[in-house]
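Take a look at the structure set out below.
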Amino acid sequence: MLHIMSTTVEPATERSADEVNEEIRALWLRSGGTLNGEQREEYRRLVLEWAAASPQPADAA
2 MLHIMSTTVE
12 PATERSADEV
22 NEEIRALWLR
32 SGGTLNGEQR
42 EEYRRLVLEW
52 AAASPQPADA
62 A
């Protein structure tokens, strides 16, 4: 039987946009400003998490 595993990394707990932003900043600091392939994938995942955690503007009615 073939099992397919998801490659999507889901955060264990929901973090605030500020918490995710701090992790993004730390990633850039550790990398010295140049991301390798693995770091780029981590950055992409973090940016998506940050966007999901960011407050959405209220619709102007």
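Quick note on this note's numbering: the sequence shown kicks off at 2 and runs consecutively.
Here a beta-carbon is modelled for each residue, glycine too, at the ideal position from N, C-alpha and C.
Since we're looking at a predicted model, the values are computed, not measured.
CA-CA distance, G34 and R41?
Between G34 and R41, the C-alpha separation is close to 11 Å.
Compute the Euclidean distance between the alpha carbons of D19 and N37, then round it to the nearest angstrom.
Their backbone Cα atoms lie some 24 Å apart in a straight line.
Classify L47: buried if its beta carbon has 16 or more other beta carbons within 10 angstroms, exposed otherwise.
The residue is buried, with at least 16 neighbouring Cβ atoms inside 10 Å.
Is L28 helix, strand or coil when you go by DSSP?
DSSP places L28 in helix when its eight states are reduced to three.
Excluding the 5 residues preceding and the 5 following L28 in the sequence, name in chain order all residues of the same chain whose CB lies nearer than 8 Å to its CB.
Closer than 8 Å at Cβ, skipping near neighbours: L36, Q40, E43, Y44, L47.
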